[in-house]
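Peer 1: The structure's right below; bear with me while I get my questions together.
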């Protein structure tokens, strides 16, 4: 478990660093355009890449920390065995969606490895590789929670717990 906590902290640091880089690039470019009537052209491409990676990393972090919005009105009223069935069905759908994300992103990455962005020269596959990694990470988190819940080592409510549960406490 300490390895998972360390990975979570590393992901938090990466998201914070990406957010800082994005804000710095956009702010610098806006100030340069406003005061100097020029800008740093490469920041437009790089900020687009950083934003995409930030969104994917944030989605993984939100799933790990259970910060996504959840509608648990029906699930909260179900008995524990029915909750486990819902966990299995919902988890299977989520795993399928994550597989589609990872597979589709990898297909796009293989098509774009030989292409590069015109200004920065970065490979166009960068965003697709990040999406592939995010899909795999999301699937790992969902699969781990499903195994723990179906094995009885975690209550089924934890699978559906969301940000609102933290606010209520």
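Numbering (our numbering), first residue to last: 327 to 495. Even for Gly, the Cβ is constructed at its ideal location relative to N, Cα and C. Please read these numbers as outputs of a predicted model, since none were measured by experiment.
Whole angstroms are fine: how far does the CA of residue 376 sit from the CA of residue 432?
Peer 2: In a straight line, the C-alpha of residue 432 is about 18 Å away from that of residue 376.
Peer 1: For a minimum of 3 consecutive residues, which ranges assigned as the beta strand (DSSP E) are wholly contained in the segment 371 to 401?
Peer 2: Complete beta strand (DSSP E) runs here, min 3: none at all.
Peer 1: Give me the Cα-Cα distance between residue 442 and residue 403, rounded to the nearest whole angstrom.
Peer 2: If I take the Cα positions, the gap works out to 52 Å.
Peer 1: Just grab the DSSP bridge partners of residue 481 for me.
Peer 2: None, per the DSSP bridge assignment.
Peer 1: Assuming residue 453 and residue 383 make a contact with CB atoms under 8 Å, what is their CB distance in whole Å?
Peer 2: No, residue 453 and residue 383 are not in contact; Cβ-Cβ is about 12 Å, not under 8 Å.
Peer 1: Which residues in the same chain have their Cβ closer than 7 Å to the Cβ of residue 344, if we skip the five residues on either side of it in sequence?
Peer 2: Contacts found: 376, 379, 380, 383.
Peer 1: Whose CA, out of 484, 399, 335, 457, lies closest to the CA of residue 425?
Peer 2: Answer by Cα proximity: 457.
Peer 1: Based on Cα-Cα distance, which residue from 475, 348, 398, 428 lies nearest to residue 464?
Peer 2: Per the Cα distances, 428.
Peer 1: If you follow the alpha helix (DSSP H) that residue 434 is in, where does it begin and where does it stop?
Peer 2: Residue 434 -> alpha helix (DSSP H) spans 406 to 438.
Peer 1: By DSSP, does residue 491 sit in helix, in strand, or in coil?
Peer 2: The predicted position of residue 491 is uncertain, since its pLDDT is 49 and thus under 50; no value can be drawn from it.
Peer 1: Compare the Cα-Cα distances from residue 390 to each of 409, 470, 350, 405 and report the closest residue.
Peer 2: When each option's Cα is compared against that of residue 390, the closest is 470.
Peer 1: Express the C-alpha separation of residue 484 and residue 364 in angstroms, rounding to a whole number.
Peer 2: For residue 364 and residue 484, the distance between alpha carbons rounds to 51 Å.
Peer 1: Using only the alpha-carbon positions, how far apart do residue 476 and residue 462 sit?
Peer 2: Distance between the alpha carbons of residue 476 and residue 462: 21 Å.
Peer 1: Provide the residue(s) that pair with residue 449 in DSSP beta bridges, ordered along the chain.
Peer 2: Paired residue(s): 442.
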